[in-house]
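Report on the following structure.
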Amino acid sequence: MKFESQSVAKPYFIFALALFTGQILFGLIMGLQYIIGDFLFPYLPFNVARMVHTNLLIVWLLFGFMGASYYLVPEEAGVELHSPRLARIMFWVFAAAGVATILGYLLVPYAELARLTHNELLPTMGREFLEQPTITKIGIVVVALAFIYNIGMTVLKGRKTVINMVLITGLIGLAVFFLFSFYNPENLVLDKFFWWWVVHLWVEGVWELILGAILAFVLIKVTGVDREVIEKWLYVIIAMALISGLIGMGHHYYWIGPGEYWLWLGSIFSAIEPIPFFMMVMFAFRMVRQRRHQHGNQIATLWALGTAVMAFLGAGVWGFIHTLAPVNYYTHGSQITAAHGHLAFFGAYAMVVMCIISYAMPIMRGRLQGNSPQAQKLETFAFWAMCISMLGITLALTVAGAWQVALQRLPEVGALSFMNTQDKLIPIFWVRELFGVVFFLGLVAYLASFFVGGVKVADRQQQESTEKAAEAVCCGSCN
Amino acid sequence: MAEMFTKGMARNIYYGGGVFFFLLLVGLTFDTLRELPQRDHRENITESVARGKALWEENNCIGCHSLMGEGAYFAPELANVFDRYGQGSEENFHQFMQAWMAMQPMPTEGRRKMPQFHLSQQQVADLTDFLIWTSRVNDNDWPPNREG
Numbered sequence: 002m003k004f005e006s007q008s009v010a011k012p013y014f015i016f017a018l019a020l021f022t023g024q025i026l027f028g029l030i031m032g033l034q035y036i037i038g039d040f041l042f043p044y045l046p047f048n049v050a051r052m053v054h055t056n057l058l059i060v061w062l063l064f065g066f067m068g069a070s071y072y073l074v075p076e077e078a079g080v081e082l083h084s085p086r087l088a089r090i091m092f093w094v095f096a097a098a099g100v101a102t103i104l105g106y107l108l109v110p111y112a113e114l115a116r117l118t119h120n121e122l123l124p125t126m127g128r129e130f131l132e133q134p135t136i137t138k139i140g141i142v143v144v145a146l147a148f149i150y151n152i153g154m155t156v157l158k159g160r161k162t163v164i165n166m167v168l169i170t171g172l173i174g175l176a177v178f179f180l181f182s183f184y185n186p187e188n189l190v191l192d193k194f195f196w197w198w199v200v201h202l203w204v205e206g207v208w209e210l211i212l213g214a215i216l217a218f219v220l221i222k223v224t225g226v227d228r229e230v231i232e233k234w235l236y237v238i239i240a241m242a243l244i245s246g247l248i249g250m251g252h253h254y255y256w257i258g259p260g261e262y263w264l265w266l267g268s269i270f271s272a273i274e275p276i277p278f279f280m281m282v283m284f285a286f287r288m289v290r291q292r293r294h295q296h297g298n299q300i301a302t303l304w305a306l307g308t309a310v311m312a313f314l315g316a317g318v319w320g321f322i323h324t325l326a327p328v329n330y331y332t333h334g335s336q337i338t339a340a341h342g343h344l345a346f347f348g349a350y351a352m353v354v355m356c357i358i359s360y361a362m363p364i365m366r367g368r369l370q371g372n373s374p375q376a377q378k379l380e381t382f383a384f385w386a387m388c389i390s391m392l393g394i395t396l397a398l399t400v401a402g403a404w405q406v407a408l409q410r411l412p413e414v415g416a417l418s419f420m421n422t423q424d425k426l427i428p429i430f431w432v433r434e435l436f437g438v439v440f441f442l443g444l445v446a447y448l449a450s451f452f453v454g455g456v457k458v459a460d461r462q463q464q465e466s467t468e469k470a471a472e473a474v475c476c477g478s479c480n
Numbered sequence: 503m504a505e506m507f508t509k510g511m512a513r514n515i516y517y518g519g520g521v522f523f524f525l526l527l528v529g530l531t532f533d534t535l536r537e538l539p540q541r542d543h544r545e546n547i548t549e550s551v552a553r554g555k556a557l558w559e560e561n562n563c564i565g566c567h568s569l570m571g572e573g574a575y576f577a578p579e580l581a582n583v584f585d586r587y588g589q590g591s592e593e594n595f596h597q598f599m600q601a602w603m604a605m606q607p608m609p610t611e612g613r614r615k616m617p618q619f620h621l622s623q624q625q626v627a628d629l630t631d632f633l634i635w636t637s638r639v640n641d642n643d644w645p646p647n648r649e650g
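Residue numbers (our numbering), protein chains in the order written: chain A, 2 to 480; chain B, 503 to 650.
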């Protein structure tokens, strides 16, 4: 760790992983509710479980992004964080607001929560992913502003590297587009139209800048490849992400009211959306192949490669299979959508957060060259368990979706009803749940890897690196 | 990447492309906002429809159902529920909705259950009006059939 203040990232990462664990537990409950419809009813209706599942996801990713920023921005800028104290205060504010909101979902009926928090004064609740009470949304804005102020001042004081500039652009975009969550007109079509300005412009827009910046940072660190090369790749990737993704928003406008030209615009531009993800795969593998040194933290490198591959599969390939308007006409809002959602969020965002955690946590714990080989071995097992089981979940949901389309959507006469179709899909939902359990075991192994001791790689490599120092090539990370 | 292609060029594509396509998005948004009144029939958004939307939100209906294909996929699509159960008559659909909402949760064991929301008759009527209005939005003829 180059700067003392980078360590404020630690509680952010730890709390993110705690919320992640909660997210998966609720996912397992919902998976079971897909099979046994009245499981835990009426104590935990599906809608509550889902709200907890998706909101925990969003919040833990935000914690992850914040932790990543607090860790990497000072190092990139070459100065201490503007105010570590503000970062620590905001951690507790955000954690308290997050926990209170989740408890609100679980302990009182949603309508009661809306009444208690005076949703009628500024109605923003009850829309997918934006279920938080208005007061929580205001809290999120306050935390985001304090966070961006802190990060922004740090960037301004120090070196304005490409990674820092791209990251701060992404973070500012995240905050700005969240403001659309306060716009909730009586007209459902307008509501939906601008709802996507939060949801799409986050996950297929500014979050990709954050993803790119974090990935580039880790790749510079673990490969030692020249910063100039990595920055060029970063620019091209995020350029393609914005060029395809901004108008690609059209794929959400097919069936919710906007006019017919969105069918064309959405299809054409979202057909380009896999390209930046494909380039990310080429980028990650090429940088690792051209690495100038062998970093002791090999699992962090694996996470970086894995993020690129799984993001390409989830966001790129699984996005593409249902994005063209003539296909989407039949698959919209089916289990195909769920398949894409799971692999894309895991591959792109969950994995990049675990990637930076895997790189930064050992350093914050004084293990400069990564955890012990035993710990890395367990983490590698967890990596594969989670990746493979998430692919299993995705494939199961894809089969479920295709079957659903065949039974319920395609037939012009004699189509099965939604509920009857769901009954037919139960065997596949069992497969999904089984993979879900494997995913959970992978997560447990991942968490356990933090507690595995053993000989530090650092001790072994310290000696080697001193010997090699004379002939060492510049790793590029210090300029 | 070839040496010819410099970091400066990549940066320019990023800034230029990002700004250009964002402005294009803003332009298309204005065009869509101009066109929408003919497609969403906002003149038919009565106070009852507006109250119905608020009820839809405050009971988190989207947490199980989908509406125009968006939401959860645990319970049926409702943007066309009027087409499915209304038999073309608003009055029939109102009767259906009153009965349907009153009988939840249904006692079938193992079946997915909708909670009892304890809505008043007026509230069910508002919700119904909201769903009827929604079913008449021009959504490019989605869903493919009445099953949603």
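Every residue, glycine too, gets a C-beta built ideally from N, C-alpha and C.
Residue burial classification, residue i (beta-carbon count within 10 angstroms, cutoff 16)
i: A/Ala471; result: Confidence at A/Ala471 is low in this model, with a pLDDT of 42, below 50, so the placement of that residue should be treated as unreliable; the coordinate-derived value is given next. With fewer than 16 other Cβ atoms within 10 Å, it is exposed.
i: A/Pro327; result: exposed
i: B/Glu559; result: buried
i: B/Ser622; result: exposed
i: A/Trp1; result: Examination of residue 1 of chain A is not possible in this model, given that chain A is present from 2 through 480 alone.
i: A/Leu444; result: buried
i: A/Asn165; result: buried
i: A/Ala1; result: For residue 1 of chain A there is no data in the structure shown, the boundaries of chain A being 2 and 480.
i: A/Glu209; result: buried
i: B/Arg614; result: buried
i: B/Asp643; result: exposed
i: A/Asn480; result: Below a pLDDT of 50, predicted positions are generally treated as unreliable, and A/Asn480, at 48, falls in that range; the measurement from the model is reported next regardless. Exposed, since its Cβ has fewer than 16 Cβ neighbours within 10 Å.
i: A/Trp93; result: exposed
i: B/Asp533; result: exposed
i: B/Ser591; result: exposed
i: A/Ser6; result: buried
i: B/His620; result: exposed
i: B/Ser618; result: The residue asked about is misnamed: residue 618 of chain B is Gln in this sequence, not Ser. Counting Cβ neighbours within 10 Å, B/Gln618 comes out exposed, since fewer than 16 surround it.
i: B/Ala601; result: exposed
i: A/Met281; result: buried
i: B/Gln540; result: exposed
i: A/Ser70; result: buried
Residue nearest to residue i in terms of C-alpha spacing, selected from the options
i: A/Gly68; options: A/Gly258, A/Leu26, A/Val406, A/Asn151; result: A/Asn151
i: A/Ile322; options: A/Val354, A/Phe21, A/Thr399, A/Ile357; result: A/Thr399
i: A/Ala351; options: A/Val204, A/Gly249, A/Gly159; result: A/Val204
i: A/Arg116; options: A/Gln133, A/His83, A/Val282; result: A/Gln133
i: A/Leu104; options: A/Ala147, A/Ala50, A/Glu76, A/Pro124; result: A/Ala50
i: A/Tyr294; options: A/Gln370, A/Ser359, A/Gly260, A/Leu63; result: Here residue 294 of chain A is His; the residue named in the question, Tyr, does not match the sequence. Among A/Gln370, A/Ser359, A/Gly260, A/Leu63, the Cα nearest to that of A/His294 belongs to A/Gln370.
i: A/Ala301; options: A/Val453, A/Leu220, A/Ala17; result: A/Leu220
i: B/Asp542; options: A/Gly260, A/Ala19, A/Phe4, A/Ile30; result: A/Gly260
i: A/Ile36; options: A/Pro412, A/Leu180, A/Leu426, A/Ser70; result: A/Leu426
i: A/Thr162; options: A/Thr332, A/Glu76, A/Leu448; result: A/Glu76
i: B/Ile652; options: B/Arg648, B/Leu629, B/Pro645; result: Residue 652 of chain B is absent from the structure shown; chain B starts at 503 and stops at 650.
i: A/Ile149; options: A/Ile239, A/Leu63, A/Ile389, A/Ile15; result: A/Leu63
i: A/Ala361; options: A/Leu191, A/Trp304, A/Ile90; result: A/Trp304
i: A/Leu20; options: A/Gly454, A/Leu202, A/Thr137, A/Leu448; result: A/Leu448
i: B/Gly510; options: A/Leu442, A/Val230, A/Met2, A/Lys3; result: A/Val230
i: B/Phe595; options: B/Pro609, B/Leu580, B/Met608; result: B/Leu580
i: A/Pro43; options: B/Ser637, B/Arg648, B/Ile515, B/Pro609; result: B/Pro609
i: A/Gly317; options: A/Ser245, A/Phe218, A/Val190, A/Phe4; result: A/Ser245
Distance CB(residue i)-CB(residue j) smaller than 9 Å
i: A/Trp421; j: A/Asn372; result: Before going on, a small fix: residue 421 of chain A reads as Asn here, not Trp. No.
i: A/Val106; j: A/Asn56; result: One detail in the question is off: residue 106 of chain A reads as Tyr in this sequence, not Val. Going by C-beta atoms, A/Tyr106 is nearer than 9 Å to A/Asn56.
i: B/Met603; j: B/Val626; result: yes
i: A/Met154; j: A/Trp234; result: no
i: A/Pro46; j: B/Cys566; result: yes
i: A/Leu167; j: A/Tyr111; result: It should be noted that the sequence gives Val, not Leu, for residue 167 of chain A. Cβ atoms of A/Val167 and A/Tyr111: not closer than 9 Å.
i: A/Gly258; j: B/Asn640; result: yes
i: A/Ala309; j: A/Phe347; result: no
i: A/Arg410; j: A/Ser335; result: yes
DSSP bridge partner residues for residue i (one or two, in chain order)
i: A/Ser268; result: In DSSP, A/Ser268 forms no bridge with anything.
i: B/Ser568; result: B/Gly573, B/Glu579
Chain A contacts from the segment 627-644 of chain B (Cβ-Cβ distance under 9 Å)
So the list reads Phe632, Trp635, Thr636, Val639, Asn640, Asp641, Asn642, Asp643, Trp644, given in the order they occur along the chain.
Residues of the segment 521-553 of chain B in Cβ contact with chain A at a cutoff of 7 Å, in chain order, please.
Residues of the segment 521-553 of chain B with a C-beta atom less than 7 Å from some C-beta of chain A are Phe523, Phe524, Leu526, Leu527, Thr534, Glu537, Leu538, Arg541, Asp542, Arg544, Ile547, Ala552, listed in chain order.
Scan the segment 236-248 of chain A for residues whose Cβ lies nearer than 7 Å to a Cβ of chain B and list them as they occur along the chain.
The residues in question are Tyr236, Val237, Ile239, Ala240, Leu243, Ile244, Leu247, Ile248.
When you check each C-beta in the segment 566-589 of chain B against every C-beta of chain A, which residues fall closer than 8 Å?
The segment 566-589 of chain B vs chain A, Cβ under 8 Å: Cys566, Ser568, Leu569, Met570, Gly571, Glu572, Gly573, Ala574, Tyr575, Phe576, Ala577, Pro578, Glu579.
Would you list, in chain order, the members of the segment 36-64 of chain A that have their beta-carbon closer than 8 Å to a beta-carbon of chain B?
Of all residues in the segment 36-64 of chain A, only Ile37, Gly38, Asp39, Phe42, Pro43, Pro46, Phe47, Asn48, Val49, Arg51, Met52 place a beta-carbon less than 8 Å from a beta-carbon of chain B.
To be precise: take each residue of the segment 387-421 of chain A, compare its Cβ to all Cβ atoms of chain B, and keep it if any distance is under 8 Å. Which residues remain?
Answer in chain order: Gln409, Arg410, Leu411, Pro412, Glu413, Ala416, Leu417, Ser418, Phe419, Met420.
At a Cβ cut of 9 Å, what residues of the segment 124-143 of chain A count as close to chain B, listed as they run along the chain?
Cβ contacts with chain B come from Pro124, Thr125, Met126, Gly127, Arg128, Glu129, Glu132.
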